[in-house]
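S.K.: Take this structure first; my questions come after.
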Amino acid sequence: MTASPDSAPGISSLAALLADAGRMTMLWALMDGSARPAGELALVAGLSPSSASGHLARLVDGGVLAQEARGRHRYFRIATPETAAAIEALASAVLATRELRPRPVPVSRATPIPLRHARTCYDHLAGEIAVDLFARMHDRRWIRVDGTDGLTALGVDLTQAHARRRRLVCTCPDWSERKPHLGGALGAALLSTCLDAKWLEPTREARALRVTLDFPIRRSSRVSTASVPISASRLAISRSNSFRVPPQRLRHR
32 MTASPDSAPG ISSLAALLAD AGRMTMLWAL MDGSARPAGE LALVAGLSPS SASGHLARLV
92 DGGVLAQEAR GRHRYFRIAT PETAAAIEAL ASAVLATREL RPRPVPVSRA TPIPLRHART
152 CYDHLAGEIA VDLFARMHDR RWIRVDGTDG LTALGVDLTQ AHARRRRLVC TCPDWSERKP
212 HLGGALGAAL LSTCLDAKWL EPTREARALR VTLDFPIRRS SRVSTASVPI SASRLAISRS
272 NSFRVPPQRL RHR
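Per the working numbering, residue 32 is the first one in the sequence shown, and the count goes up by one each step.
Right under this line is the structure:
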């Protein structure tokens, strides 16, 4: 059966926009959810201001980027969470194809440790800690209408998450772990809670996050993270009530 031109609307146009190294470099710099000026994006991509301006205009016209004026400068950001998820999925696909090459590059060597451990993915949490947390939320049946008590105990504002004009819950492919992490409005609310409570802190490395001692998840005491592969040293939620955070603790942060 021959596919009609409308069977995959806009995919070829979007692929053409992303099939440029300079444009992808600028988009990757915006995957932390920030808005950046054209001059900064030009510097990141190694492009002249005029060349970067042309690329940015194409990305805006194609709906990939949104722009806003701040004084005399124009700032650019990823247009939608769905666009960010598509870029993250492409990065995951790139790692998958590397494994099929004659000399594949292991993910552990291709990805810096801080980024692999915890990072931002647009407006939600990604990396090893995000994949593990999502799996445990799923196992504990928190991501259900009748399973929200665990999220509420963390301080996640579910009312605000429901009020957002976007999908409440969705999975996002994690490019370093090759497994899904939590996206959507709920994923954004979870990251916001972690940052507000100082469980996670930004670092100097773009998108990377530092896990603080206050984080309500501890490493498993049964394994030594220095002597086993990182995949075997998954973060473990305590079987006690240590995952529950007293409400007053959040209010004082």
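Even for Gly, the Cβ is constructed at its ideal location relative to N, Cα and C.
#1: Looking at C-alpha atoms only, which residue of Ala50, Ser223, Gly214 is the closest neighbour of Glu113?
#2: Measuring CA to CA, which of Val75, Ala76, Leu121, Gly70 is closest to Arg209?
#3: Using only CA atoms, which one of Ala157, Lys229, Gly77, Asp51 lies nearest to Gly64?
#4: What is the DSSP secondary structure of Phe165, counted as helix, strand or coil?
#5: Assign Val259 to one of three DSSP states: helix, strand, or coil.
#6: Which whole-angstrom value describes the C-beta separation of Leu17 and Arg108, a residue pair presumed to lie in contact below a C-beta threshold of 8 Å?
#7: Quick one: what's got a C-beta closer than 7 Å to Arg54's C-beta in the same chain, skipping five residues either side?
#8: Kindly indicate which residue of Arg105, Leu146, Pro211, Gly77 has the alpha-carbon position closest to the one of Ala116.
#9: Enumerate in chain order the residues of its own chain whose CB-to-CB distance from Val125 is below 7 Å, with the five nearest sequence positions on each side excluded.
#10: Over the uninterrupted beta strand (DSSP E) stretch that includes Thr224, give me the two end residues.
#11: What does DSSP give as the partner residue(s) for Ile109 in the beta ladder?
#12: Is the stretch 230-242 close to the stretch 145-153, with three or more CB pairs under 8 Å?
#13: Can you tell which of Arg103, Ala228, Leu61 has the C-alpha that lies nearest to the C-alpha of Ile118?
#14: Run through DSSP, which three-state label would Pro145 get?
#15: Contact criterion: CB-CB distance below 8 Å. Does Val125 meet it with respect to chain C?
#16: Which residues share a DSSP beta bridge with Pro68?
#17: Starting from Arg150, follow the alpha helix (DSSP H) in both directions and report where the run begins and ends.
#18: Can you give me the start and stop residues for the alpha helix (DSSP H) that Arg54 sits inside?
#19: Would you call Glu159 buried or exposed, if buried means 16 or more other Cβ atoms sit within 10 Å of its Cβ?
M.R.: On the basis of the supplied data:
#1: Closest by alpha carbon: Gly214.
#2: Of the candidates Val75, Ala76, Leu121, Gly70, the one whose C-alpha sits nearest the C-alpha of Arg209 is Leu121.
#3: Sorting Ala157, Lys229, Gly77, Asp51 by C-alpha distance to the C-alpha of Gly64 places Ala157 at the top.
#4: If DSSP states are grouped into helix, strand and coil, Phe165 belongs with the helices.
#5: Below a pLDDT of 50, predicted positions are generally treated as unreliable, and Val259, at 26, falls in that range; no measurement from the model is reported.
#6: Lying before the first or after the last residue shown, residue 17 is absent from the chain, which here runs from 32 to 284.
#7: The beta carbon of Arg54 sits closer than 7 Å to the beta carbons of Leu48, His86, Leu90 from its chain, once the five residues preceding and following it are set aside; these are given in chain order.
#8: For Ala116, the nearest C-alpha among the options comes from Pro211.
#9: Cβ within range, chain order: n/a, list empty.
#10: Premise fails: Thr224 lies in the alpha helix (DSSP H), 215-227, not in any beta strand (DSSP E).
#11: Beta-bridge pairing by DSSP links Ile109 to Leu96.
#12: Touching, yes.
#13: Of the listed residues, the one whose Cα sits closest to Ile118 is Leu61.
#14: Three-state DSSP puts Pro145 in a helix.
#15: No chain C is present in this structure, which holds just one protein chain.
#16: Paired residue(s): Tyr106.
#17: Taken as a continuous stretch (DSSP letters only), Arg150 belongs to no alpha helix (DSSP H), being part of the beta strand (DSSP E) at 150-152.
#18: 52-60 is the span of the alpha helix (DSSP H), which, as asked, contains Arg54.
#19: By the 10 Å Cβ count, Glu159 comes out buried.
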